[in-house]
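Participant:
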Amino acid sequence: MATADARKCIDKNVCGGKTVEDGDEIHGSDCESTSSFNSSDYSDDLEPEWLDDIQKNGELFYLELSEGEEEAALAQASANQGVATNHVHFSEKEAEILTEQNKKQRCTSRAKGEPTLKRLARILRRKRWPSQLKGGGKDGSKENSALSSAPASILKNQPVQRQGVTVQQQQLKEVCVYLNPKRLAGSSTPLSEGGGLLEALLGVVHRPSWTRGLGDPSEVKQEDRLTIHGLIPNSPAIKCGQILIGDVLVAVDDVDVTSENIERVLSCIPGPTQVRLLLETLAPLDDSSAEDTSSVRKMKAAPPVSQLVRLLWGEDTAELQMSIGHIPHIVMYLSLKLDSASPQDEEEILYQYPASEASGQLKGVRGIFLTLCDMLENVTGGRILSSSLLLGKQLVHVGYWKESNNLLVIGLPAERVPLLYLQTVVGDVVRTLKVMYGSLDRAFCQADRAPRLDHFFCLFFQQLIQPSRLRDGSSAPPTDVSGTLFLDGLPAVRWLTLPPEIKMEVDTVLSDFESSDFGEMSEDFFGLRRLYVILGSCLFYKSYLIANHLPKEDLLDVCLYCQHYCLLPLASEQRVGQLVIWREVFPQQRVNHSSSTSPGYSQPQGRHFLLIVGLRHFMQCVLLEAGGCASPALGSPGPDCVYVDQVKATLLQLEVLEAGIEERLNAPPAPCLSCADWFLPAATARDRLDSLASSSPVFSKLAGAVKGSSAGSRGRALFGEKARRSSPQRSLSDSGSEGQMDAGTSMAPGLSPHSTPDSGRKLGGRRDSLGSGGSEGSGGSGGLFKIPRMRHPNPFYLGTLKKTLTERETEEMYNTMKLTSGAENTLFHYVLMESVQGIFIAPTHREVAQLSGSIHPQLIRNFHHCCLSIRSAFQQSLPARGRRAADRPQGWGLGPVKEHGVLFQCKPENWTDQRKPAPTMTYWVIGRMLLEPVPQEFYVCFHDSVAEVPVEMAFRLSFGLAL
Amino acid sequence: MMLQHGSTQLLCLTASSGVPLFTRGASKQLPFSVIGSLNGVHMFGGGQGVVLSSCETEGGGKVVWRVFQDSVMLIIVSGGGQDGAGDIKEEEVRLQRLLENVWSCMVLVLGQDELTNVRNVERLKRDLRSCFSLIDQLLEDRQQGVLGNLTHCVDSLLPPNPTLLQEALDSFAQAADSEFGCLIVHGRIAAATEKWWRLAPQEVVLLSALIRSLTASGSASCDYPVFLPHGSPTVAHRLLRFQLLPGADVCVLCGPTPSLHSAESGMVGRFWTPLVETLRDCLAVGEHSLPKSVSLHPDVLALLLINRETRRSVSCVRTSTNRPLGDPPLPSKARCWEILKLFYIFSTTRYFNQEETLCVSPEERAQRGNTEDFICGFSHQPLQCYLVTEECKSYGLQTPQHQLFVLAPLSVPTFALRGVATQTLSDIVAGTGF
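Protein chains in written order, with the UniProt record's numbering: chain C, 1 to 963; chain G, 1 to 434.
#1: Exposed or buried, what is glutamine 352 of chain C when buried is set at 16 or more other beta-carbons lying within 10 Å of its beta-carbon?
#2: Pick out whichever of G:Arg142, G:Val185, G:Ile189 has its Cα sitting closest to the Cα of serine 156 of chain G.
#3: Can you give me the start and stop residues for the beta strand (DSSP E) that serine 394 of chain G sits inside?
#4: Could one say the Cβ of serine 854 of chain C lies closer than 7 Å to chain G's Cβ atoms, at least one of them?
#5: Considering threonine 380 of chain C, what are the terminal residues of the alpha helix (DSSP H) in which it resides?
#6: Could you check the C-alpha separation between isoleucine 269 of chain C and leucine 320 of chain C for me, to the nearest Å?
#7: Just the C-alpha distance for glutamine 29 of chain G and threonine 23 of chain G, rounded to the nearest angstrom, thanks.
#8: At which residues does the alpha helix (DSSP H) containing glycine 40 of chain G begin and terminate?
#9: Taking CB distances under 7 Å as the criterion, tell me whether tyrosine 224 of chain G reaches chain C.
#10: List, in chain order, every chain C residue whose beta-carbon is nearer than 8 Å to that of histidine 230 of chain G.
#11: Which runs of the alpha helix (DSSP H) spanning at least 4 residues fall entirely within the segment 498-572 of chain C, listed in chain order?
#12: Less than 8 Å between the CB atoms is what I'm expecting for serine 213 of chain G and serine 133 of chain G, so what's the real figure, rounded?
#13: Is there a Cβ of chain C sitting closer than 7 Å to that of threonine 57 of chain G, yes or no?
#14: Is serine 17 of chain G helix, strand or coil when you go by DSSP?
#15: If you run the structure through DSSP and keep just helix, strand and coil, what is aspartate 256 of chain C?
#16: Could you pull the DSSP bridge partners for lysine 341 of chain G from this structure?
#17: Answer with yes or no whether the minimum CB distance from glutamate 824 of chain C to chain G is below 7 Å.
#18: Which same chain residues end up closer than 7 Å to asparagine 405 of chain C when comparing Cβ atoms and leaving out the 5 residues on each side of it in sequence?
#19: What are the partner residues of tyrosine 923 of chain C, as DSSP defines its beta bridges?
#20: Can you find a C-beta in chain G that's less than 7 Å from the C-beta of lysine 898 of chain C?
#21: Shortest alpha-carbon distance to leucine 610 of chain C belongs to which of C:Glu662, C:Ile841, C:Leu555, C:Gln578?
#22: Going by DSSP, name the residue or residues bridged to valine 205 of chain C.
#23: Taking Cβ positions only, does proline 31 of chain G come closer than 7 Å to chain D?
#24: Please tell me whether alanine 626 of chain C and arginine 607 of chain C are closer than 7 Å, where the distance is taken between their beta carbons.
#25: Just to make sure I have the definition right: I need the residues of chain G whose C-beta is within less than 8 Å of the C-beta of phenylalanine 904 of chain C. Which are they?
#26: State the beta-bridge partners of proline 637 of chain C as determined by DSSP.
#27: Give the interface partners of alanine 368 of chain C over in chain G, defined as CB-CB distance under 7 Å, in chain order.
#28: Go ahead and pull the three-state DSSP assignment for histidine 455 of chain C.
#29: Is glutamine 69 of chain G buried or exposed, if buried means 16 or more other CB atoms sit within 10 Å of its CB?
#30: Examine chain G for any beta-carbon lying closer than 7 Å to the beta-carbon of alanine 676 of chain C, and answer yes or no.
#31: Closer than 6 Å by C-beta to valine 331 of chain C: which residues in its own chain qualify, once you throw out the five before and the five after it? Chain order, please.
#32: Which first and last residues belong to the alpha helix (DSSP H) in which methionine 436 of chain C is found?
#33: Measuring CB to CB, does lysine 393 of chain G end up less than 7 Å from alanine 416 of chain G?
#34: Can you give me the Cβ contacts of leucine 680 of chain C inside the same chain, cut-off strictly under 7 Å, excluding the 5 residues immediately before and after it?
#35: Cβ closer than 8 Å: which chain G residues qualify as neighbours of arginine 383 of chain C?
#36: With 7 Å set as the bound, which would you pick, yes or no: does the beta-carbon of leucine 784 of chain C sit closer than that to a beta-carbon of chain G?
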């Protein structure tokens, strides 16, 4: 079939040269590395590259990675030639690499073939099938994808092109493929004429007649052999990426197959399972055939594309899923209304995923879930929420969600998701599904949804069960499950505060876009009603939300979708060449609001569409409304080029601000953070300085300054004041080593021996440079916070400071933003959630990474795990809060929790010294719920040496944190 | 809705056949069909290799299944709190503990043989009636100040002059030809022989509960056959109990001799008459459990102190003295006990370990594994924790030897709690050597 397609393309090429021209032009413009791209360049006869990927129902998920930084630069240099990135592996870029390997051969034998190949490549690129190979241009990234193999094999089957004599060696290879006969019923692929199961199930095209026609004289008994003549798009065979056209299928699960018995063998596969295929592949020894050399080379190259991206592209799900097959997990959508008149096997299962052995066991006991759901509501008067089961040794928590007459059951291993948080996880999945499909019934009960739901839940389970696997191949730090659970479970989005002038520009650009004031979109232009009204948009930069013009609930809906598809980490870790997502969504607030007046779903105001466009590290999510004051949407409209291009133009416009945002990200943390390792005597003062110096250039400057400067009298006076405030000093058992003591005293006599370089020592000097004066006065006031904080109460808004201070002073400013009280900075980590706006702030990934250390990452994991517990304590008390104390009957639990703290102790790992006990460090993790002045939740982690009042810390941190 | 809010019903069935043996608790018994289905789902799962362990519903309702010795199935159904405020996790631990206690108490009264080799179900049903008073006591959990059922640490009372009592008890036990003897004051153990402390903590807790229920019957002395669930589940011993003063009882575990009569007439008077004044002092300590010599920090509303090595605990709730006007009202005494229990469960399920190496077999550990998986997720060791609610502040701390849980009024600043707690711990340990 692939061959057939290719031929068609060639035919087209012959009869209409125009196509090729188009191809060339698109090729030039879609590198997107050119900042000159803007909508005016765009002419209507150019098709955007994502056009072919639009599904029948109008949805689009198009993801294209850009090349690495150097390649991008290279592309820029050669941009005027019109070829920047190449999307098919044997176009120019590839050839260049090959040049290095066998230049001569290429020059001699391939020179002529080159132009035609390139043309063919472009045509193929344009005509590729939807939802496969979006990784154009990523060298070696698509060894598993269809096109990289298919064209190579096409050539294999066309011996005309081959130059010289090819000696072919037969090699056997084993390929594992995941087959699901159940899908046959639901799939749109008809059992094609003559293709039978081989085509429908496996996706392999075999045409006996061709073999005879093209028969290779060196082979005998061609009639029986199952030569692969083509691969069907989206089939298991093409997804696995190792079955090439031209291969010969020899055996299925150790059963020898021929064209005679293949149908019988395949029909014996009862259910979804993994099948081992034995293939005979042709590996020509002839060096001159460049295609094959390249494909072999590709096989060896490590894929720089993470599993996540491949998962998003729809490849590889079977293999990933199989690697967690032994861990019990399941999702089922069961019907509670069983028609007993026609008892059919498994009739009550409307949807189920996955099909592993462990989940089969859970599927086997679905009767338990149904019975409990039915019965317990009558017994205890509440709907069932969860149950715990033991599968062998493994504890599994099962969460329930009942909607009308159906029941959603999600089973997860207890070691991944604690029972405390199961409810939140299930709630979030349900909400995501509702946002995407409107209701659970609509999500699960439409036959053609099954593959898409499989993909949805594959992502869901992979993220929960083996998040590290998804991120491998990228530079992400080892993920911590509790952290993901906690941060994703917060009804808020991670926010990055920006200097005001940048923030203002971002907001202006977004507002300009949202006003829909551009030519093609205005009603006057065409005299038509506009297609969509822009309800609002939000902008992410490297997974941080930097601007939001959406109401909170809409923001959360959009964010849930982004979280589920891992779009946020994607944008921060990998340069996204281009991301275009378009789909109809059902914002919960809007839908529920309207349905409260009229029961049942009717489309009252209009339909909503979500458009997400990502370019490089920017990602903009736009919520559109059709109907209402825009023209009503009919059918399932696909993305409108005008809107997509406008968002793209907006993003390109914002790119000038990237430097400013990067500067903010690179700035030293404010409020400044300490690394846990510094507080353990195992690390000497020297280590601390070194680690500081190595972690950021700013620190290194400071470290130098520290060494040079002598502690003046001001510094001493300052700490004199502190001492008067009688903040408890850390006990010696905590951390006290001679080395540290020495370093501390020699550099700054009079300081507490444990003060971190970035905290106390700088205070004196900085005061001076600020010239804010009144250090004596402030000491007398005895207030908890020192003058600088009073002058600049908001540690985030640094823009105004920058204007008045020199750069150096600003750096020092940053460095002394301190959240904790006391002489030294004891703050390790924090999370502050603003419930009203639906945002939270926490130290950025980069800030955390700078603190490196061996204990610190552990500490953060522990912090997040503890936050799970703290937050569940807060949530448990929420429903009770509504009532007045007098109404509460006796015996209603602990009651509303306002504040909860836990003190932890940590020891350095692998402590070998037998004589001395391991040094210890203790720290608090405290959560505080605030209702006034605005509802907030604050989680903080700091060293034990100073008693803190979390309310005040939260206040300090949140001061001025406003959108 | 078949079960009232806040009520708890215990179902007992034979594990193999699902014949109901008894149901206790809740005024209205669940219909038979419900009992059948509850048992049925568990059995069905068992056949498929899936062991159903617990279930929870909106509003804090909870069901916990547990099979003991492959012979008896206990199911507990709890109607949950009034407005859904009860924490799921807390409730589950309490119910798990309850089921273990109920099973042990059945063994205590009937012996393991009768429960595991059921020949005549009707007869077993009849025999089980003798456990009802004890089971009801466990279910209702009415007695204030007794936390042993929950903590599996023996509620103790620290008498002002322990040596006198200890000597008297030792010689009394010796005279009764027994190594196991204890003195119980106000339902808490004031003194016990060394061997008594070596019994499994759960056994001591249950024996205390049994003695309390026997005391409640009002008799001056009694002779009661008991099996020890861990020590001797198949051979019965005699538990002799004598009332010394109202509120003070002495007990011994012994073999066939001496007879109740001979012991009562010959020994009780001889050993305990000289100590009447000491016993009165002991009774005066009352519910505080701590001698007057130990002065508690004025900000301590209630405390529970556990010695992790000996598995003993002392607890007390202080009656509020004069509070300055305008302060928020303090929680009532009953509420303080309630909060203390809840806070204990809260802390131990999330942060502190409950070591029960003695009485928990590996299988049992697996069955209740779900209560401990959260603690395992911490990479660092939790030492202390506190909770600020609308009624009071709670503080818990754990050292290698002790666990202390303290309640304090809201007027105490949060950062001062730590000082209050550590001082309380050192005061008690220094004052009594607990």
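Here a beta-carbon is modelled for each residue, glycine too, at the ideal position from N, C-alpha and C. If you're wondering where the values come from, they're calculated on a predicted model, not measured in any experiment.
Facilitator: The short version:
#1: Around the beta carbon of glutamine 352 of chain C, a 10 Å sphere encloses 16 or more other beta carbons of the protein chains shown; the residue is thus reported as buried.
#2: Minimum Cα distance to serine 156 of chain G is reached at G:Ile189.
#3: Segment 393-398, the beta strand (DSSP E) holding serine 394 of chain G.
#4: False, the Cβ-Cβ gap to chain G never drops below 7 Å.
#5: Residues 366-380.
#6: If you draw a straight line from the Cα of isoleucine 269 of chain C to the Cα of leucine 320 of chain C, it comes to about 21 Å.
#7: Cα to Cα, glutamine 29 of chain G sits roughly 7 Å from threonine 23 of chain G.
#8: It spans 32-47 - the alpha helix (DSSP H) in which glycine 40 of chain G sits, taken as one unbroken run.
#9: Taking Cβ atoms only, chain C never reaches closer than 7 Å to tyrosine 224 of chain G, which makes this a no.
#10: Residues of chain C passing the Cβ test: none, with the nearest at roughly 24 Å.
#11: Runs of the alpha helix (DSSP H) spanning 4 or more residues and lying entirely within the segment 498-572 of chain C occur at 500-514, 523-526, 552-564, in chain order.
#12: Indeed they touch by this definition, with Cβ atoms about 5 Å apart.
#13: Closer than 7 Å to some Cβ of chain C, the Cβ of threonine 57 of chain G qualifies, so yes.
#14: Under the three-state reduction of DSSP output, serine 17 of chain G falls in the coil class, being neither helix nor strand.
#15: In the structure shown, aspartate 256 of chain C falls within a strand segment according to DSSP collapsed to helix, strand and coil.
#16: Answer is none; lysine 341 of chain G lacks a bridge partner.
#17: No, its Cβ sits nowhere closer than 7 Å to a Cβ of chain G.
#18: Leaving aside the five residues that flank asparagine 405 of chain C on each side, the residues in its chain whose CB is nearer than 7 Å to its CB run, in chain order, Ser335, Leu336, Lys337.
#19: Under the DSSP definition of a beta bridge, tyrosine 923 of chain C partners with C:Phe904, C:His943.
#20: Contact of lysine 898 of chain C with chain G is assigned, a C-beta pair being separated by under 7 Å.
#21: For leucine 610 of chain C, the nearest C-alpha among the options comes from C:Leu555.
#22: For valine 205 of chain C, the pairing in a beta bridge is given by DSSP as C:Gly230.
#23: In the structure shown, chain D cannot be found, because the protein chains are C and G.
#24: Yes, the Cβ-Cβ distance between alanine 626 of chain C and arginine 607 of chain C is below 7 Å.
#25: Residues of chain G passing the Cβ test: Phe378, His380, Gln381, Pro382, Leu383.
#26: Partner(s): none; proline 637 of chain C has no beta bridge.
#27: The sequence as given places isoleucine at residue 368 of chain C; alanine does not occur at that position. Those within 7 Å of isoleucine 368 of chain C in chain G are Val41, Phe44, Gly45, Leu52.
#28: Histidine 455 of chain C: helix per DSSP, three-state reduction.
#29: The residue is exposed, with fewer than 16 neighbouring Cβ atoms inside 10 Å.
#30: Taking Cβ atoms only, chain G never reaches closer than 7 Å to alanine 676 of chain C, which makes this a no.
#31: Result list for valine 331 of chain C: Tyr353, Ile410, Phe457, in chain order.
#32: It spans 419-437 - the alpha helix (DSSP H) in which methionine 436 of chain C sits, taken as one unbroken run.
#33: Not a contact, by the Cβ cut-off of 7 Å.
#34: Around leucine 680 of chain C: Ser735, Ile855, Pro908, Pro919, Met921.
#35: Those within 8 Å of arginine 383 of chain C in chain G are Thr57, Glu58.
#36: Confidence at leucine 784 of chain C is low in this model, with a pLDDT of 35, below 50, so the placement of that residue should be treated as unreliable; the coordinate-derived value is given next. Contact with chain G is absent for leucine 784 of chain C, since none of that chain's Cβ atoms lies less than 7 Å from the residue's Cβ.
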